[in-house]
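Numbering (the working numbering), first residue to last: 4 to 175.
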């Protein structure tokens, strides 16, 4: 039983570190590009999609026009930019600390689902890395990975949570 908890904690922390790094990179520009993060470039130019054998210049993503229209809306792209950065940092911190782990896992899977839908990157088959990240995030939520060396193990024992069982859907 102890080994399972260690494995869950390690997987949770590793995925959390990936989310946290992605968010912090957008805030602090670790690559040194000197440019502020914007999702507009990805939404305009990274959403053509790919399928096995498709022409790299062909648009095969059925949702392509939606993403391009979002990229062209300055107000909406500012909201998207904020949601991406805040989401990545918050999901990362929550997973690393094991706090509100179920909620963080579901939100991480949702974010990866949107990225999968936007990128439509299936040139190497029906499964890609964002789908795997989503699956891991959902598994962490399902397996109550926050109870494995996470703050959720402490929080779930508090009086507030014991009197409000619905909070268990966020924790664990």
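Just so it is clear, CB atoms sit at the ideal spot from N, CA and C, and this is done for glycine as well.
For clarity, every value in this text was computed on a predicted model and none was experimentally measured.
Under the three-state DSSP convention, the category residue i falls into
| i | result |
| --- | --- |
| residue 85 | helix |
| residue 124 | strand |
Residue of the options minimising C-alpha distance to residue i
| i | options | result |
| --- | --- | --- |
| residue 16 | 126, 102 and 174 | 102 |
| residue 86 | 11, 7, 10 and 25 | 25 |
| residue 156 | 29, 173, 138 and 136 | 173 |
| residue 188 | 118, 68, 79 and 27 | Past the boundaries of the shown model lies residue 188; the chain is included only from 4 to 175, so the question cannot be answered. |
Limits of the unbroken alpha helix (DSSP H) element including residue i
| i | result |
| --- | --- |
| residue 34 | First-last for residue 34: undefined, no H or E at that position. |
| residue 71 | 67 to 74 |
| residue 173 | That residue, residue 173, is in no alpha helix (DSSP H); it is neither H nor E in DSSP. |
| residue 58 | First-last for residue 58: undefined, no H or E at that position. |
| residue 139 | 132 to 145 |
| residue 156 | 155 to 158 |
| residue 164 | 162 to 166 |
- Are the region 66 to 74 and the region 46 to 55 touching, with three or more C-beta to C-beta distances below 8 angstroms? yes
- Query: Are the region 126 to 146 and the region 161 to 169 touching, with three or more C-beta to C-beta distances below 8 angstroms?
  - Reply: no
- Query: Should the region 114 to 125 be regarded as contacting the region 52 to 67, the criterion being three or more beta carbon pairs within less than 8 angstroms?
  - Reply: yes
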